[in-house]
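Scroll down for the structure; my scribbles are underneath it.
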Amino acid sequence: MAAQALDPDWQPSKRRWLPLILISSLIWPVLLLLPLLERPFEAAAPIPEFAVTGDHLLESLTVAEIEARERVSDPLGAVPDLPFGHLNTAWCELLAQCEEELEFRRFAADWDAGWCKERREGYVEMVDGQPGRFFMTVYKTLPEE
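Just so you know, the sequence shown maps onto residues 10 to 154 in the working numbering.
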């Protein structure tokens, strides 16, 4: 400003921003790659997929008992008055894949998902005394201890 007062034709140098622009354009790619250097490209140990085991099994139930237990009652009528409410279609698809007179058991399991602990509950079909396909009704994160 003082130079402009002394010389009305004076203009600031247009090149004074050039070094800043050059340095910025060289630094930002390095800043983007920095987190990759902190975490190597090695894959973490794979988290096993959830499966119902014999330890998770609870009582044996018939399809009629399960459907009576899981009937949704919504006084506002937002949820269909069917077993499992909006999930009734998925339940019917599971039943269509199962054999007639197949045994179902209720299950409950605390599962370590790798980053958090979860509570999983539902129903599982028993095939030759072993848990088979399952239908999950509870899937919630447990508080950290």
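Positions of the beta carbon are idealized from the N, C-alpha and C atoms, including for glycine.
{"Asked": "Among residues of its own chain, excluding the 5 on either side of Gly141, which ones have a beta-carbon nearer than 8 angstroms to its beta-carbon?", "Found": "Val133, Glu134, Met135"}
{"Asked": "In whole angstroms, what is the alpha-carbon distance linking Glu68 and Arg78?", "Found": "13 angstroms"}
{"Asked": "Suppose the cutoff is 8 angstroms on Cβ atoms and the five residues either side in sequence are ignored; what does the same chain contact list for Asp90 look like?", "Found": "Arg80, Val81, Ser82, Asp83"}
{"Asked": "Count the CB pairs spanning the segment 121–132 and the segment 142–152 that are closer than 8 angstroms, and state whether there are at least three.", "Found": "yes"}
{"Asked": "Thinking just about the alpha-carbon of each residue, which of Met145, Thr146, Ser34, Gly123 is nearest to the one in Ile56?", "Found": "Gly123"}
{"Asked": "Please report how far the alpha carbon of His65 lies from the alpha carbon of Asp119, in whole angstroms.", "Found": "9 angstroms"}
{"Asked": "Entirely within the segment 78–107 and at least 4 residues each: give me those alpha helix (DSSP H) ranges in chain order.", "Found": "97–106"}
{"Asked": "Helix, strand or coil for Glu76? Go by DSSP, reduced to three states.", "Found": "helix"}
{"Asked": "From the DSSP output, which residues share a beta bridge with Thr150?", "Found": "Glu127"}
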